[in-house]
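Student: One structure coming up, written as structure tokens, with questions to follow.
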Amino acid sequence: MKARSISYVALFTALTAIGAAVKIPVPYIPFTLQILAVYLAGALLGPRLGSLSILCYVGIGLLGVPVFAEGGGLGYLFKPTFGYLLGYILGAYVNGWLINRFNLSAIGSIFLANVATLLTVYLVGCVWLYGAMKWMAEAPLSLYQTLLYGFFIPAPGDLLLCILCAVIIKQVRPRLSRYINVKELNHPWAKPTL
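Here this note's numbering runs 620 ahead of the position in the sequence shown, where the first position is 1.
This is the structure we're talking about:
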């Protein structure tokens with residue numbers, strides 16, 4: 621991996637940590653801006669480097685650096701919200717893959733890629749939430765409660781972030797190609813389309 625790619629991964633790892641610091645407490649799942657970093661990492665770095673940046677973020681947090689919304693350390697593996705962090709890794713890959721595979725450049729299509737990413741994160745997160753509450757916390761949630769707290773309550777805010785991020789990606793990608801060797805990142809938008 622080239623030094624430039626490493627610096628991009630490090631930048632998005634840091635952006636994800638900053639997104640975790642901005643949080644609004646809601647029951648079970650704190651609402652943060654981490655998902656913005658997930659969308660941006662996938663869209664701007666591609667599936668491989670985008671998901672690697674989120675994987676580095678999760679790894680740093682598990683090593684004990686308090687970069688997660690509620691701290692850090694190996695004990696985080698037993699938190700009901702850890703599945704969302706795993707979902708972020710897969711979500712960044714999905715976002716980057718969709719944008720690369722279909723060469724998405726319109727705001728609407730980028731928004732749909734962001735929604736697919738969000739659904740990926742929610743799927744992994746809700747499965748972990750359900751299992752963690754049932755087997756680790758011994759305070760089982762019904763399927764309805766899991767979907768309520770793990771999906772329906774945070775979904776409206778996250779959908780707004782999908783729209784915001786689609787606009788940001790649409791504006792940033794063409795301009796970014798002037799400064800980043802996008803061929804190095806294996807992106808289809810090496811020639812920006814406006």
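All C-beta atoms in this analysis are idealised placements derived from N, C-alpha and C, irrespective of residue type, glycine included.
Could you pull the DSSP bridge partners for phenylalanine 688 from this structure?
Tutor: Locating residue 688 in the sequence shown gives position 68, where the first residue counts as 1. Gly691, per the DSSP bridge assignment.
Student: Compare the C-alpha of leucine 749 against each of Leu767, Ala641, Pro645, Val646 and name the closest.
Tutor: Locating residue 749 in the sequence shown gives position 129, counting from the first residue. Here the closest residue by C-alpha is Leu767.
Student: Give the DSSP bridge partners of threonine 652, in chain order.
Tutor: By one-based count along the sequence shown, residue 652 stands at place 32. Partner(s): Lys643.
Student: What's the call for arginine 668, buried or exposed, on a 16-neighbour Cβ count within 10 Å?
Tutor: The residue you call residue 668 lines up with position 48 of the sequence shown. Label assigned to arginine 668: buried.
Student: Please state the DSSP three-state secondary structure of threonine 633.
Tutor: Within the sequence shown, numbered from 1, the residue matching residue 633 stands at position 13. Helix.
Student: Measuring only the C-alpha atoms, how far is tyrosine 742 from glycine 716?
Tutor: Here residue 742 is taken as the residue at index 122 of the sequence shown, counted from 1. Here residue 716 is taken as the residue at index 96 of the sequence shown, counted from 1. Spanning the two alpha carbons is a distance of roughly 17 Å.
Student: Alanine 637 and valine 687: beta carbons closer than 8 Å?
Tutor: The residue you call residue 637 lines up with position 17 of the sequence shown. The residue you call residue 687 lines up with position 67 of the sequence shown. Yes, they are a contact pair.
Student: Distance check for threonine 652 and isoleucine 773, CA to CA, integer angstroms please.
Tutor: For the purposes of this step, residue 773 is taken as the residue at position 153 of the sequence shown. For the purposes of this step, residue 652 is taken as the residue at position 32 of the sequence shown. Approximately 13 Å, taken between the alpha carbons.
Student: Pick out whichever of Val735, Phe632, Ile789, Ala752 has its Cα sitting closest to the Cα of phenylalanine 698.
Tutor: The residue given as residue 698 occupies position 78 in the sequence shown. The option with the nearest alpha carbon to phenylalanine 698 is Ala752.
Student: Do glycine 745 and tyrosine 713 have their C-beta atoms closer together than 8 Å?
Tutor: One-based indexing of the sequence shown puts residue 745 at position 125. One-based indexing of the sequence shown puts residue 713 at position 93. Contact flag unset, no.
Student: Does leucine 796 come out as helix, strand or coil in the three-state DSSP assignment?
Tutor: Mapped onto the sequence shown, residue 796 falls at position 176. Of the three classes helix, strand and coil, the one that applies to leucine 796 here is helix, per DSSP.
Student: For phenylalanine 722, which three-state DSSP category applies?
Tutor: Against the sequence shown, residue 722 aligns to sequence position 102. Note: phenylalanine 722 maps to coil in three-state DSSP.
Student: Once you ignore the five residues that flank threonine 813 on each side, which residues in its own chain have a CB closer than 6 Å to its CB?
Tutor: For the purposes of this step, residue 813 is taken as the residue at position 193 of the sequence shown. Because the pLDDT of threonine 813 is 42, which lies under 50, any placement of that residue in the model is unreliable, and the question is left without a value.
Student: Could you check what DSSP says for proline 812 in three-state terms: helix, strand or coil?
Tutor: For the purposes of this step, residue 812 is taken as residue 192 along the sequence shown, with counting starting at 1. With a pLDDT of 42 at proline 812, under the threshold of 50, the modelled position of this residue cannot be trusted; read the value that follows with caution. If DSSP states are grouped into helix, strand and coil, proline 812 belongs with coil.
Student: Assuming leucine 635 contacts alanine 657 under a Cβ cut-off of 8 Å, what Cβ separation, rounded to an integer in Å, is found between them?
Tutor: Residue numbering aside, residue 635 sits at position 15 when the sequence shown is read from its first letter. Residue numbering aside, residue 657 sits at position 37 when the sequence shown is read from its first letter. Indeed, because the Cβ distance is near 4 Å, the residues count as touching under 8 Å.
Student: If we call anything under 8 Å between Cβ atoms a contact, is valine 747 one with glycine 684?
Tutor: For this step, residue 747 is matched to residue 127 along the sequence shown. For this step, residue 684 is matched to residue 64 along the sequence shown. It is not a contact, given that the beta carbons lie outside the stated cut-off.
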